[in-house]
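In this text, residue positions in the sequence shown follow the working numbering: the first is 1, and each later residue adds one. Note that the Cβ used here is the ideal one computed from N, Cα and C, for glycine as well. These numbers were taken from a predicted model, which means no experiment stands behind them.
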Amino acid sequence: MIPGEYQLKDGDIELCEGRERITIEVANTGDRPVQIGSHYHFAEANPALDFDRAKARGYRLDVAAGTAIRFEPGQSREVTLIPFAGSREIYGFRAEVMGNLDSTK
1 MIPGEYQLKD
11 GDIELCEGRE
21 RITIEVANTG
31 DRPVQIGSHY
41 HFAEANPALD
51 FDRAKARGYR
61 LDVAAGTAIR
71 FEPGQSREVT
81 LIPFAGSREI
91 YGFRAEVMGN
101 LDSTK
C-alpha cells in the first residue's frame, strides 16, 4: 500500500440499506433559502417550510452524512426521509421533542 492510497471495492455502496423510507412534498413559503442538514429532525425544520410535520416526526433526510438539501424561496420538491435509529432520542433542534421519540408526542 502506498501512503494516502485508496483501495476501493467494486460496485456501489448503498446508504442506509434496508431502512424504511417515506417521501414527502416540501415547499419553501419564505423569502430566504432554507438548508436542512442530513441528521436534522425534519419535523422541526424551519417554519417557512410547508409539509406534513406529523408524518415527518422521527425522520431525517435520506442523504449522505454531512450533506444537506437547500430549498430556495418558492421552491417545492419531494424529499425522501428515513427514521432515526439507535435510542431514538432527540434533544435540541427547536426543543419540540426533548426525549425519546417513541414516548413523547
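DSSP places A43 within a helical segment (H, G or I) once states are collapsed to three.
Beta-bridge pairing by DSSP links F84 to no other residue. Each residue's CA atom was taken as its position, placing Q75 and M1 some 47 Å apart.
Residue state for A54 is assigned as helix, using DSSP reduced to three classes. With respect to the 9 Å criterion, A56 and A43 are classified as neighbours on the basis of their beta carbons.
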